[in-house]
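Asks:
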Amino acid sequence: MKTRSDLDYIIVLGAHVNGTKLTLALLERVRRALLYLEENPDTKAVLSGGRGDGEQISEAEAMYRYLTEHGIAAERLIKEEQSTNTKENLDFSLRLIGSMEHSIGVVTNNFHVFRGVAIGKKCGCRKIYPIPSKYRSWRLLIYVPREILAILKDKIVGNL
């Protein structure tokens, strides 16, 4: 999948943090965001994810630390620290961005990117594009069926 370049913003969707340590899913997302931001110096990023059970810091803060430690200027990063699920990630991040006229990329794992973009469109974003990160783990056996069920549920309750 070819990724669009020079987007106004990317939204990096959160995933669980173990204490202050990035889990594999979140690490792959933030590595993909780092690469995109390095290649597109005018793009800003919304780092989206609150603080859940077992997390000493928010998912957004964990991503912020990683990106700033790897050379991304803090001025390019916006933390969204209230969300607890994908719908909230996108709703709250889009509110921080302000205008639905901006071009926006959704950074998330390859198994999750379709739903992330679909929810972003449902939230009113017209120019929203996938930026998939890899994810290689036996956990795909759990995540892929869970993602399919989530898509079906979102269709039933109207999130998609």
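For reference, each letter of the sequence shown is one residue, going 1 to 160 in UniProt numbering. Virtual Cβ for every residue (Gly too), placed ideally from N, Cα, C. Every value quoted in this text rests on a predicted model; they were computed, and no experiment measured them.
Thinking C-alpha only, which one of L94, D53, V46, R95 is nearest N73?
Replies: At residue 73 the sequence reads Ala, which differs from the Asn that was named. Of the candidates L94, D53, V46, R95, the one whose C-alpha sits nearest the C-alpha of A73 is V46.
Asks: Along the chain, where does the alpha helix (DSSP H) containing S93 start, and where does it finish?
Replies: Counting along the chain, the alpha helix (DSSP H) containing S93 begins and ends at 86-97.
Asks: Let me know the secondary structure DSSP gives I131 once reduced to three states.
Replies: Strand.
Asks: May I ask which residues mark the beginning and end of the alpha helix (DSSP H) holding I119?
Replies: Here the alpha helix (DSSP H) through I119 covers 113-122.
Asks: Quick one: residues in its chain with C-beta nearer than 7 Å to the C-beta of I131, no 5 flanking neighbours on either side, listed in chain order?
Replies: Once the five neighbours on either side are set aside, the close Cβ partners of I131 are T3, I10, R32, Y36, G105, V106, V107.
Asks: Is it the case that the segment 116-124 contacts the segment 16-28, given that we only count it when at least three CB pairs across the two stretches are under 8 Å?
Replies: Too few Cβ pairs lie closer than 8 Å, so no.
Asks: How would you label N18, buried or exposed, when you count the other beta carbons within 10 angstroms and need 16 or more for buried?
Replies: It is exposed - the Cβ of N18 has fewer than 16 other Cβ atoms within 10 Å.
Asks: In the DSSP assignment, find the alpha helix (DSSP H) that holds L27 and state where it starts and stops.
Replies: Run containing L27: 24-39, per the alpha helix (DSSP H) assignment.
Asks: From the DSSP output, in three-state form, read off L13 for me.
Replies: Three-state DSSP puts L13 in a strand.
Asks: Determine the burial state of R126: buried for a count of at least 16 other Cβ atoms within 10 Å of its Cβ, exposed for fewer.
Replies: Per the 10 Å Cβ criterion, exposed.
Asks: From this set, S103, G49, T68, N110, which residue's C-alpha is nearest E81's C-alpha?
Replies: Looking at the Cα atoms, G49 is the closest of the given residues.
Asks: If you measure between the beta carbons of A5 and E38, is that distance less than 8 Å?
Replies: According to the sequence provided, residue 5 is Ser. The question's Ala does not apply to it. In this structure, E38 does not lie closer than 8 Å to S5 by Cβ.
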